[in-house]
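Below is one structure, written out as structure tokens; the observations come after it.
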Amino acid sequence: MELIRITNAELAFGDAKILDDAELRINQGERVCLVGRNGAGKSSLLKIVSGRQQLDDGQLTFSNDIRIAMLEQDPPQTCDKTVFDYVSEGLHANAELIKQYHQLVTLVAEQPSEKNLDALANVQQQLEQANAWQDEQRIEQVLSTLALDADKTVDQLSGGWLRKLALAKALVTNPDVLLLDEPTNHLDIDSVLWLEQFLKNFAGTIVFISHDRAFIRRLSTRIVDLDRGQLTSYPGDYDKYVEQKQHDLHVEAQQNALFDKKLAEEEAWIRQGIKARRTRNEGRVRALERLRVERSQRRELKSQGDIEISSGDRSGKLVFEAQDTSIAFDEKRVINHLNLLVSRGDRLALIGANGTGKSTLIKLLMEQLKPTSGKVRVGVNLDIAYFDQHREQLDPNKTVQDTVADGKQEVTLNGRSRHVLGYLQDFLFSPKRARTPVRALSGGEKNRLLLARLFLRPSNLLILDEPTNDLDIETLELLEEVVANYNGTVVLVSHDRDFVNNCVNTCLYFDGSGHIEQIVGGYDDVDQYLAYKAAQRKAHEEQLKPAQASEKPKQKQDKPTAKKKLSYKEARELEALPEEIDNLESLIGELQDQVNQPDFFSQDTATTQKILNQLQESESKLEAAYDRWQELDEK
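For the sequence shown, UniProt numbering begins at 1 and goes up steadily by one.
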């Protein structure tokens, strides 16, 4: 069933045309990923769908009584509101009443005076009259699902928890459509995996923007590409989109070349002079005028940037060494007995949840922190280029051009002089945008600016702390290529699994206890290591169970009890269960294939709902069959 339709959409900011006669349809149950370059207008499109921004022209239509919620790109600002109060604001109607109720419940628990009890009774009555109890219960349910503490204040939450908080505020409306703008930004990998699974289980429709290719692959059912004002739909997964997009651009280039050749021939004909005029065909002249208009309206594809990084002098063979090194804050050991050797040319990724010590190790490496115990050696002749995820190195009042060149017209890159405007175009800043103050830039543009300035600095040790946040996929892939080919040592922190896989050869996994495990390979190897450790723990626990049972003190010597024999009916049931499970798994696979088809949700509602119900029923039967099999097998 179609939920949202955009027709003949027009939107412009000054000379920049964001939507140019664009069309889009969103169907029930889809998970649509919106991709495009920074500045293409992806966030603006989400704001239009959410009702926060208006089209200049065109139509936006919704199915009846549709509820839409939006998760903003930036995490909420810290404040002294409680988590409950902040999330309740997502309801709009009855929000103040519910906040009063929650505050009074807390107050009555501390001060059960008659005055407070009367106030609570009054608010309860108002909640009943407004039929708002279900709203209050929904807030409690969402907070429980996301493991958020209702009584904590917003300023007590870290980046990942702030993102969960914003998601909770969006979910309390029980939306039919959830809009997400870069939902993985500022999350560690554990939180990204949690969000991925949560959104897969979300019953409604999702439209999201993301640069995280692994996240897109696992979540999206369709890709919508925003390019030069046009919205193009690509059914299927992300990799198919990349392949088809390259094909489309190749075909477009061929068509443009043929068009330009035809136009050049017609222009040559019209310029032949008096001799040609005697035979001039007026219809051909009018056709030439149409060709000229069409050529003037063509929106050229902006060329890709060509990012280059300044190389410094060669460092010593030793870059960093830690011997039995520990660091503690307020008696909590963040790093515990670390032994690590980083040599010239190593490429390391630091993997782990927020607060497990990744930033601490970076500070140790940069000699901004001393160990609590143990020894640390830092190599000689190190030239460090450091990317700060918090963008604290940027002056908001400076222009882009001045931030990079300090008022000069030229910059030096690997011994060559380049005009600053030409250099900035490699990072997709037009000359006009290069004169813009930093405070007016988007998140992705600020990251590109930091990289542009950073890569001018000759270095032999590159330290990148979440460099992929807010970047579009095209810029991210350019950065990936630069980092992979960097002639020096690389240390990076990133939640982007593909970026880690493609840029490093070793990972340091921070488990949260202070222990750091060194794992050869990329993120996929860390994932395999964690699965192996989990299996080891489970096997160890299983081995301990008989020993623990035998160690229990025996009050009496009980008679051994024989294993209960299965009845004839139960034995036949146990024999039949494997085949039943196989059949159910095959059926579920077939139904899931149907649901994954690009046009599945374009069918009539009755057909789609019938298949979805059958899938849900089959999954329930499979779970029950497994439970019964285990029950009979252990009997």
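Idealized CB from N, CA, C, for every residue including glycine.
Best match in the options for proximity to residue i [C-alpha to C-alpha]
i, options, result
"E136", "E114, E182, D85, R572", "D85"
"A385", "Q297, G488, E331, K245", "G488"
"L180", "L143, E72, D604, A147", "E72"
"E300", "A95, E267, Q230, M366", "Q230"
"R497", "P396, L369, R213", "R213"
"T403", "E266, G379, R435, S373", "R435"
"L219", "D151, L199, L60", "L199"
"I216", "D227, L34, R228", "L34"
"Q28", "M1, Q53, G39, G512", "M1"
"R138", "K152, A130, K169, Q156", "K169"
"R457", "T475, F387, L612", "F387"
"N38", "E182, S494, H540", "E182"
"residue 696", "W629, N64, A264, E196", "Because the chain here runs from 1 to 635, residue 696 falls outside it and cannot be looked at."
"F329", "L340, A322, G355, Q323", "G355"
"E321", "R286, E585, L338, N583", "L338"
"A576", "Y626, K262, L591", "Y626"
"G160", "W194, D176, A132", "W194"
"N485", "S311, L365, Q401, E445", "S311"
"Q53", "E30, A12, K81", "A12"
"G316", "R344, L55, E114, T372", "R344"
"V87", "A349, L574, R163, D604", "R163"
CB of residue i within 8 Å of CB of residue j, strictly
i, j, result
"F510", "K358", "yes"
"D470", "N185", "yes"
"E23", "I6", "yes"
"R439", "N397", "yes"
"V83", "L143", "yes"
"L187", "L165", "no"
"G514", "V334", "yes"
"S442", "D383", "no"
"L107", "N94", "no"
"L503", "I351", "Note on identity: in this sequence residue 503 is Cys, with Leu being the wrong assignment. Contact flag unset, no."
"K42", "L226", "yes"
"V224", "L46", "no"
"L492", "L464", "yes"
"I18", "S44", "yes"
"R295", "L263", "yes"
"L622", "E585", "yes"
"D155", "T232", "no"
"L479", "L451", "yes"
"T399", "P437", "yes"
"E243", "N414", "no"
Simplified DSSP assignment, three categories, for residue i
i, result
"L622", "helix"
"P546", "helix"
"H540", "helix"
"V251", "helix"
"P396", "coil"
"E2", "strand"
"A9", "strand"
"V380", "coil"
"residue 636", "Absent from the model: residue 636. The displayed extent of the chain is 1 to 635, so no value can be given."
"P371", "coil"
"E331", "coil"
"I309", "coil"
"K202", "The sequence shown places Phe at residue 202, not Lys. In the structure shown, F202 sits in coil (DSSP, three-state: anything other than H, G, I, E or B)."
"T221", "coil"
"A562", "In this predicted model, A562 has a pLDDT of only 46, less than 50, meaning its place in the structure is not dependable enough to derive any value."
"N256", "helix"
"Q597", "coil"
"K556", "For K556, the predicted structure reports a pLDDT of 45, less than 50, and the residue's modelled location is therefore unreliable. The matter cannot be settled from this model."
"S191", "helix"
"A353", "coil"
"N339", "strand"
"D406", "coil"
"S442", "coil"
Integer Cβ distance of residue i from residue j, believed to fall under 8 Å
i, j, result
"F202", "L178", "7 Å"
"N447", "P467", "7 Å"
"L91", "V123", "With a Cβ gap of about 15 Å, L91 and V123 do not count as contacting."
"I588", "E619", "6 Å"
"E367", "V378", "6 Å"
"T325", "V376", "6 Å"
Residue i CB to nearest heavy atom of the ligand FAD below 7 Å
i, result
"G415", "The model depicted lacks the ligand FAD and carries no ligand whatsoever."
Residue-level contact to chain C via CB, residue i, 8 Å cutoff
i, result
"D470", "You won't find chain C in this structure, because it holds only one protein chain."
Pick out the complete beta strand (DSSP E) segments inside the segment 457 to 537, 3 residues or longer, and give them in chain order. 461 to 465, 489 to 493, 506 to 510, 516 to 520, all fully within the segment 457 to 537.
Every unbroken beta strand (DSSP E) within the segment 100 to 185, with a cutoff of 3 residues, ordered by chain: Fully enclosed beta strand (DSSP E) runs of 3 or longer: 177 to 181.
Could you tell me which whole beta strand (DSSP E) segments of length 3 or greater appear in the segment 33 to 94? 57 to 62, 68 to 71
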